[in-house]
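*Asks:* Got a structure for you, questions after.
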Amino acid sequence: MPQHMTDQEWEAQNGSLSPDEATARGLCWHCSGNGVNYTAFGRVQRTVRCPECRGDGKAR
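The letter at position 24 of the sequence shown is residue 24 when you use this note's numbering, and the numbering goes up by one with no holes.
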């Protein structure tokens, strides 16, 4: 049986770059270049397309 991530592990995928670091690397400040934001509550884990870069992960 596959292991599932905890809600904390799932949300940790959002990245740890500061907005300035992400922008300096040419990445979206909101999603750290992932194109999505990871959210979870009560073991319901979802990805939501980033509203800032519209999913391409690039800085605007």
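For every residue, glycine included, the Cβ atom is placed at its ideal position computed from N, Cα and C.
Would you mind working out which of Gln8, Gly42, Leu27 sits nearest Val36, comparing C-alpha positions?
*Replies:* Measuring from the Cα of Val36, the nearest candidate turns out to be Leu27.
*Asks:* Using CA atoms only, rank isn't needed, just tell me which of Ser18, Trp29, Arg43 is closest to Gln8.
*Replies:* When only C-alpha atoms are compared, the closest one is Arg43.
*Asks:* Just curious, the alpha helix (DSSP H) that Gln8 is in, first and last residue?
*Replies:* Its alpha helix (DSSP H) spans residues 7-12.
*Asks:* Just to check, is the beta-carbon of Arg25 closer than 6 Å to a non-hydrogen atom of the ligand FAD?
*Replies:* No copy of the ligand FAD occurs in the structure displayed, which carries no ligand at all.
*Asks:* Measuring straight from C-alpha to C-alpha, what distance separates Cys53 and Pro19?
*Replies:* Cα to Cα, the separation comes out at about 13 Å.
*Asks:* Helix, strand or coil for Ala22? Go by DSSP, reduced to three states.
*Replies:* Reduced to three states, the DSSP call for Ala22 is helix.
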